[in-house]
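Below: one structure, written as structure tokens.
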Amino acid sequence: MIRIKSWFPEKMRYEYLNDMLLKIGVDEKANKFTDTNEKKKFLKRFSILKRKYVEKIISQKEKDEYENTYLILKKEPNYEIMFLGSKPITLETLLTGTREKVIEEVDGIKEYMKLCRFMKNYSSGYSRAKFLKYLHDFYPDKVIYDGIGKKYQFEQNQDTITVSELQSNKKSVSDKMNPFYYFFFDIAEISPSDKTQKYSYKDFQDVVKKATNNIFNRTDLIKYDLISDDMRHKLLASLGIKCCPYCNRQYITSWEKDKQGVQSTADLDHFYQKSTYPLFALSLFNFVPSCQICNSRMKGSNETETLYPYEEGMDEFRFRCMPKDSGNDNLVDLWLASKTNEPNKLCGLYKLVLVDESDDHTDNKHIERINGSREVFCLDEVYQTHVDAAINEMLKIRIYYSGDYAKYACKTLEDLGIGKEDEKVVSNDDENAIDNKDKNRFSESEMRDIILGFVYNGQDKMDQPLGKLMSDILEYELSLKKSYNEKETE
Ligand SMILES: [Zn+2]
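For the sequence shown, my numbering begins at 1080 and goes up steadily by one.
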């Protein structure tokens, strides 16, 4: 919902990279032990020595042991991890690169992600027809589907297979499937032992099943549990944000406590699920601090495309608070009539809506992702509980900050001797601003702050729960302020 304007600071990225390079190396070595007890002992000794080393309470003998047994295992930043069989990515890029650097610039990553999505959906229990349907969904240019004839074709000049043929067991159909199988081997970088062999669907599935381990397990150096709690807290805190970027409703806070180090109430969300895209389980670009509700209860394993908070927010959509029955928006009258002691009565008459204010230049994909976020995080629904906050803000603006009230308030402040004696008042060009000729000493914007108090704008949206809601309401109400003023002076 709100764009995160910060990125992990350089010092933090460096610390994280070095910690991970060491842990990945040590973990790789540990996995070579055949004896589980030996392995446990090896890892336990590592964590003891590492702690002592970091806290600088290590003896010379232990230091030698640590350096000779463990530190030498540390991977180089340019160590290459292989994915999709033979495509390389360096650990430094994978662990600390931005999303753009990893997804846009590393050869094969987009293919890898497509394949991950495919494999997530694909199950070896699928029929040939279902397999082709998925293949078409992911590679529509290669696997062509003719909806009218209900037939599939591999590229333009190959034989076509109809869906009803696929359900039969004819030998000719089996043969026509082979180009699809080879295409799949190709994108997944699976090399079948015999490249001229004709496959039955069952044989094909067996090869894929075996190779799946290869496609993904080549990345078995990358494991989320290599991150310590302490490191996770530090990472989350280093972004310096105070509020969940997905919902903008919950505070996420960090604090430091002696001995326990940095703590945080934030969850670490994997923007790209680690079960679907195991390669990104330790990538900084994939870590989004979020509240627990958004991370586990809302997002879960939902695959709907949502806004990527480091790159985009939903600025084109604005919150409006409006009467439920599209009747007159006479909020002030309603408020006075409800005698203020029954706020629920008033809230029940209003609703919050997200209004699309995008224009022709707005990227359609961006709008789709906004709607994805609304759906996944149930934004339209959960925000209905905040009608009261919106109404409160609207009343303040319509009653206190419009019409004559602001003028009287300013005059009163002046009478009380509160003002800026020596400064020349610069009034806004707004014709309803407190005029200079009245010798009022506060400018329009100063009076606004005095009357409305804290005003949400810019980065504050991120720092304050409901920051976006409040700033959208404020902006809209201020745009209507002129008409309230006119109404007041009628
Ligand atoms: Zn949230």
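Idealized CB from N, CA, C, for every residue including glycine.
*Does the Cβ of Lys1249 have 16 or more other Cβ atoms within 10 Å, making it buried, or fewer, making it exposed?*
Per the 10 Å Cβ criterion, exposed.
*asked:* Judging by CA-CA distance, which residue of Asp1285, Lys1255 and Ser1279 is the nearest neighbour of Ile1269?
replied: Ranked by Cα distance from Ile1269, the first of Asp1285, Lys1255 and Ser1279 is Asp1285.
*Between Leu1545, Asp1542 and Leu1557, which lies nearest to Leu1581 when the distance is taken from Cα to Cα?*
Because the chain in this structure spans residues 1080 to 1569, residue 1581 falls outside the shown range and cannot be described.
*Would the beta-carbon of Ile1449 be found less than 7 Å away from any heavy atom of ligand 1?*
It does not: the Cβ of Ile1449 is nowhere closer than 7 Å to a heavy atom of ligand 1.
*Go ahead and pull the three-state DSSP assignment for Ser1085.*
Coil.
_What residue range does the alpha helix (DSSP H) around Phe1398 cover?_
Segment Phe1396 to Pro1402 is the beta strand (DSSP E) holding Phe1398; no alpha helix (DSSP H) there.
_Burial state of Arg1130, where buried means 16 or more other Cβ atoms lie within 10 Å_ = With fewer than 16 other CB atoms across the displayed protein chains lying within 10 angstroms of its CB, Arg1130 is exposed.
*Helix, strand or coil at Glu1335 [DSSP, three-state]*: The answer is strand: DSSP assigns Glu1335 an E or B state.
_Same chain only: Cβ atoms within 7 Å of Lys1430, ignoring 5 sequence neighbours per side_ = Contacts found: Met1401, Lys1403, Gln1463 and Val1466.
*What residue range is occupied by the uninterrupted beta strand (DSSP E) comprising Pro1368?*
For Pro1368, the uninterrupted beta strand (DSSP E) segment begins and ends at Phe1366 to Ser1369.
*Is there contact here, the segment 1453-1461 with the segment 1479-1494, by at least three beta-carbon pairs under 8 Å?*
Short answer: they don't touch.
*asked:* If you measure between the beta carbons of Leu1458 and Cys1373, is that distance less than 8 Å?
replied: The beta carbons of Leu1458 and Cys1373 sit no closer together than 8 Å.
_Three-state secondary structure (DSSP) of His1440_ = Coil, per DSSP.
*Cys1323: CB within 7 Å of a non-hydrogen atom of ligand 1*: Under cutoff, so the answer is yes.
*Own chain residues within Cβ distance below 6 Å of Trp1334, not counting five before or after*: Closer than 6 Å at the Cβ level, and outside the excluded window around Trp1334, lie Gln1342.
*Quick one: measure Cβ to Cβ for Phe1262 and Lys1221, integer angstroms, because I've assumed they're closer than 8 Å.*
Your pair Phe1262 and Lys1221 checks out as a contact, with CB atoms roughly 6 Å apart and the cut at 8 Å.
*Return the first residue and the last residue of the beta strand (DSSP E) that Ser1343 is part of.*
Gly1340 to Ser1343 is the extent of the beta strand (DSSP E) around Ser1343.
_Beta-ladder partner(s) of Ile1240, from DSSP_ = Per DSSP, the beta-bridge partners of Ile1240 are Tyr1231.
*Reduced DSSP secondary structure (H/G/I, E/B, other) of Ile1160*: Three-state result, Ile1160: strand.
_I'd like the span of the alpha helix (DSSP H) that includes Tyr1261, first residue to last._
From DSSP, the alpha helix (DSSP H) with Tyr1261 extends over Lys1250 to Ile1266.
*asked:* What does the Cβ neighbour count give for Ile1513, buried or exposed, with the cut at 16 atoms within 10 Å?
replied: Annotation note: pLDDT 46 at Ile1513 (below 50); position unreliable, no value reported.
*Return the bridge partner residues of Lys1430 from the DSSP annotation.*
When DSSP reads this structure, Lys1430 sits in a beta bridge with Met1401.
*Where does the unbroken beta strand (DSSP E) through Leu1545 begin, and where does it stop?*
Element bounds for Leu1545: n/a, residue is neither H nor E.
*Indicate, with yes or no, if ligand 1 has a heavy atom lying under 7 Å from the CB of Arg1376.*
No.
*Taking 7 Å as the cut-off, does the CB of Gln1329 come closer than this to any heavy atom belonging to ligand 2?*
With respect to ligand 2, the structure offers nothing, as its ligand set consists of ligand 1.
*Closer than 7 Å: Ile1168 CB and nearest ligand 1 heavy atom*: Not one heavy atom of ligand 1 sits closer than 7 Å to the Cβ of Ile1168.
*Cα-Cα separation between Tyr1555 and Val1411, rounded to whole angstroms*: Taking the straight line from one Cα to the other gives about 16 Å.
*asked:* So, with DSSP's three-state summary, where would you put Val1185?
replied: It is coil, neither helix nor strand.
_Start-end ranges of the alpha helix (DSSP H) lying completely within the segment 1184-1214, minimum 4 residues_ = Entirely contained in the segment 1184-1214, the alpha helix (DSSP H) runs reaching 4 residues are, in chain order, 1188-1200.
*So, using beta-carbon positions, are Leu1170 and Lys1154 closer together than 8 Å?*
Yes, the Cβ-Cβ distance between Leu1170 and Lys1154 is below 8 Å.
*Flag Ser1452 as yes when its Cβ comes closer than 7 Å to any non-hydrogen atom of ligand 1, and as no otherwise.*
No heavy atom of ligand 1 is found nearer than 7 Å to the CB of Ser1452.
_Here's a check: name, in chain order, each residue in its chain whose Cβ is nearer than 8 Å to the Cβ of Thr1115, leaving out the five neighbours to either side._
Its chain contains no residue whose beta carbon lies nearer than 8 Å to that of Thr1115 once the 5 sequence neighbours on both sides are disregarded.
*Between Gln1139, Asp1299, Ser1126 and Asp1346, which lies nearest to Lys1313 when the distance is taken from Cα to Cα?*
Restricting attention to Gln1139, Asp1299, Ser1126 and Asp1346, the CA atom closest to the CA of Lys1313 is found in Asp1346.
*Does the separation of the CB atoms of Leu1361 and Arg1092 fall below 8 Å?*
Annotated as distal: Leu1361 and Arg1092, with beta-carbon spacing of 8 Å or more.
_For Leu1300, tell me which candidate among Tyr1205, Leu1358 and Lys1281 has the shortest Cα-Cα distance._
Measuring C-alpha to C-alpha distances from Leu1300 to each of Tyr1205, Leu1358 and Lys1281 identifies Leu1358 as the nearest.
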